[in-house]
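Under the numbering used here, the residues of the sequence shown are numbered 13 to 304, in order.
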Amino acid sequence: MAKRKHQKRSINTGRKAVINTQIPMGTTMLDILIPVHGRFDLLAQCLDAIPKAAGDTKYRLIIFDNGSPREEADIFYVQRQDPNLKLFRSEHNLGFPKACNIAFNQGSSPLVFFLNSDVILEPDSLPKLIKEFNDPKIGVVGMKLVFPEYTDLPQDQHMRPAGKIQHIGLASNVHGDFIHIFIGWSKDHPKVNAMRDVYAVTGAALMTRRSLFTKAGKFQEIYGLGSWEDIDYCLTVRKMGYNVIVVPEAVGVHHTGATAQKYNLGYPLQENKLVFMQRWARELDHTEINHW
13 MAKRKHQKRS
23 INTGRKAVIN
33 TQIPMGTTML
43 DILIPVHGRF
53 DLLAQCLDAI
63 PKAAGDTKYR
73 LIIFDNGSPR
83 EEADIFYVQR
93 QDPNLKLFRS
103 EHNLGFPKAC
113 NIAFNQGSSP
123 LVFFLNSDVI
133 LEPDSLPKLI
143 KEFNDPKIGV
153 VGMKLVFPEY
163 TDLPQDQHMR
173 PAGKIQHIGL
183 ASNVHGDFIH
193 IFIGWSKDHP
203 KVNAMRDVYA
213 VTGAALMTRR
223 SLFTKAGKFQ
233 EIYGLGSWED
243 IDYCLTVRKM
253 GYNVIVVPEA
263 VGVHHTGATA
273 QKYNLGYPLQ
283 ENKLVFMQRW
293 ARELDHTEIN
303 HW
């Protein structure tokens, strides 16, 4: 089992909210929430991997189709009949945070797992995340994500090294940017495989408590296309007094950026970063990146 590294943090925690940490017996334990925008080839792989990733875990699949091409989507969903799957659709791309919040509102399980459709989970990864919630101090759990061994995306091996680390947690630097720690490292490196508290984890594979997500105000919909809502949520959870951790024993392959190719996200990302800095700049530890 990986050893957890506890890191010192400077964010003000404030008073911990009262959250029920007990999981009711005999209920569906986990809602898996998947926002989708095209790339049904990857979605098929994502869905095919979930049963083995879940093991004996009782789960419910909730897909929110976020403006995928209508004809392609119709064909896929008709062919993909699954009594354990609830499907909701929008004609337009509403952005990641709103899509996730809508999907969240359709579920009821005590734990929720936000999963990108371009992430392929390895077997038994979900129970390894779920068990961490036996600790009432845990608010968010992330996992190790690696680049695919091969991809159809234009790439260079420096930016997307095959089979190497894509995500094992996020840390802030002096510019207020959030960096994927150990990106490009070997997935087997001992430093990579230490369980640790982190500033934030990516929303591509993020598990949290339903009660806590509600108490924290869900994902902030002021963030549009792009990102930063996942980091905002993690910092909110930490400020409420809970830990955000990464479990390196749980692994997924992330075809990062595969579903966002048609969008030029440069401007939206900068807009989202501006919103984030207005909300959090005074509370960031800009030496965070030095801890790794």
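Ideal Cβ positions, reconstructed from N, Cα and C, are used throughout, including at glycine.
Bear in mind that the values here come from a model prediction, so they are computed numbers and not experimental data.
Stretch pair the stretch 282-293 + the stretch 234-247: three plus CB contacts closer than 8 Å: Contact holds: three or more Cβ-Cβ distances are below 8 Å.
As assigned by DSSP and simplified to three states, the class of residue 209: strand
Touch test, the stretch 96-104 against the stretch 183-200, Cβ-Cβ under 8 Å, three pairs minimum: no
Residues bridged to residue 46 [DSSP beta-bridge criterion]: 75
Separation of residue 196 from residue 173, as counted between CA atoms: Approximately 6 Å, taken between the alpha carbons.
Own chain, CB closer than 6 Å to residue 133, minus 5 neighbours either side, in chain order: 61, 65 and 264
Closest by C-alpha distance to residue 121, when choosing among 112, 70, 131 and 75: 70
Cα-Cα separation between residue 145 and residue 268, rounded to whole angstroms: 27 Å
Contact belief for residue 175 with residue 210 at Cβ below 8 Å, rounded distance in angstroms: The pair is not a contact, with the Cβ atoms about 22 Å apart (cut-off 8 Å).
Residue from 53, 142, 150 and 47 whose Cα sits closest to the Cα of residue 128: 47
Helix, strand or coil at residue 91 [DSSP, three-state]: helix
CA-to-CA distance, residue 248 to residue 296, given in whole angstroms: 12 Å
Cβ-based burial, residue 89 [other Cβ within 10 Å; buried from 16]: Classification of residue 89: buried, given that the 10 Å Cβ count is 16 or more.
Per-residue DSSP class, three states only, for residue 220: strand
Neighbourhood of residue 57 by C-beta distance below 7 Å, restricted to the same chain and skipping five residues each side: 132
Delimiting residues of the beta strand (DSSP E) encompassing residue 255: It spans 255-266 - the beta strand (DSSP E) in which residue 255 sits, taken as one unbroken run.
Cβ-Cβ distance between residue 125 and residue 42 below 9 Å: Cβ atoms of residue 125 and residue 42: closer than 9 Å.
Beta-carbon proximity of residue 179 to residue 214, cut-off 9 Å: Judged by beta-carbon spacing, residue 214 lies within the 9 Å limit of residue 179, meaning their Cβ atoms are closer than that value.
Close beta carbons around residue 258, own chain, < 8 Å, minus the five adjacent residues each side: 153, 154, 155, 156, 180, 181, 207, 208, 210 and 213
Exposed unless 16 or more other CB atoms sit within 10 angstroms - verdict on residue 161: Residue environment: residue 161 is assigned as exposed (fewer than 16 neighbouring CB atoms within 10 Å of its CB, all protein chains considered).
Own chain partners of residue 140 with C-beta closer than 6 Å, once the 5 adjacent residues on each side are dropped: 259, 261 and 262
Euclidean distance between Cα positions of residue 281 and residue 243: 13 Å
Exposed unless 16 or more other CB atoms sit within 10 angstroms - verdict on residue 226: exposed
As assigned by DSSP and simplified to three states, the class of residue 183: strand
Between the CA atoms of residue 49 and residue 74 - distance to the nearest angstrom: Each residue's Cα considered, the two are about 14 Å apart.
Local Cβ density within 10 Å of residue 109, reported as buried at 16 or more and exposed below that: buried
Where residue 80 falls: helix, strand or coil (DSSP): coil
Cβ-heavy atom distance, residue 201 to the ligand ADP, below 8 Å: Absence of the ligand ADP from the depicted structure is noted, as is the absence of any ligand whatsoever, leaving it without description.
One or two residues paired with residue 98 in a DSSP bridge: 74
Length of the line joining the Cα atoms of residue 31 and residue 224: Low confidence applies to residue 31: its pLDDT is 41, below 50, so where it sits in the model is not reliable, and the reading given next is rough at best. Roughly 6 Å separates the two Cα atoms.
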